[in-house]
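Chains as they are written, first to last, in the numbering used here: chain B, 381 to 494; chain Z, 7 to 118. Presented below is the structure to which this report refers.
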């Protein structure tokens, strides 16, 4: 049973436009969410996170929105750049937080066209 | 900078062989993790450890074991490799009470 779902396997956007990547979760006990970015032949790197006490967190071109009632989060990239082309994974932290255990979604491959 | 290193980038093994994947981190992290990444399935947790000699099963532990004799090193062992264990294996580490994990570059394992 997939507790964290990314229903879009791929997304293609034009350079300069907004990229919106979506993620849904089923467990209301999740209280912290993260986005990771992965290039081919490299390990994932941490991008941005959000606690369940917030509904928005922004870092430069990247903003994550959390809708707890809908159990939905999204990552917005504005403006998108060709270097943003990668696989993006959302992840949810599994309580208790001292284990650091995460559950990842399936990933969405973003292609940003010049 | 956090550094997580994995012993091999690519491995080719035969069915039935015993396979060792090594992971070392240099940031004194308490928590260490092993995942496998497969197309359409994302990252799935195999095992994790929150202290030396401690281990916990993840979501897909069957066919795998782990060893953590030192804080900086976490080994994944395939006791008898099978073709369905062909995958990308990713090691990660993180501080206790921190959700952020830092990943190694991955080992692509092919079992023939």
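From the three backbone atoms N, C-alpha and C, an ideal C-beta is built for every residue, glycine too.
With the criterion set as a beta carbon lying under 7 angstroms from some beta carbon of chain Z, the members of the stretch 466 to 488 of chain B are 469, 473, 477, 478, 479, 480, 481, 482, 484, 485, 486, 487, in sequence order. Apart from the 5 residues on each side of it in sequence, residue 94 (chain Z) sits with its Cβ closer than 6 angstroms to the Cβ of 43, 112, 114 in its chain, given in chain order. Residue 437 (chain B) sits in a strand when the DSSP states are folded into three classes. 426, 429: these are the residues of the stretch 426 to 440 of chain B whose beta carbon lies less than 8 angstroms from some beta carbon of chain Z, given in chain order. In this structure, the CA atom of residue 72 (chain Z) is about 19 angstroms from the CA atom of residue 116 (chain Z). For the options Z:65, Z:63, Z:74, Z:16, the alpha carbon positioned closest to that of residue 57 (chain Z) is the one of Z:74. No Cβ-Cβ contact shorter than 9 angstroms links residue 388 (chain B) with residue 451 (chain B). In this chain, the beta strand (DSSP E) harbouring residue 70 (chain Z) covers 70 to 76.
Proximity of residue 30 (chain Z) to chain B, defined by a Cβ-Cβ separation below 9 angstroms, is not satisfied.
Residue pairing by DSSP places residue 39 (chain Z) opposite Z:54, Z:98 in a beta bridge. Interface flag for residue 74 (chain Z) against chain B is unset, since no Cβ pair is found closer than 9 angstroms.
Using a CB distance cut-off of 9 angstroms, residue 414 (chain B) counts as an interface residue toward chain Z.
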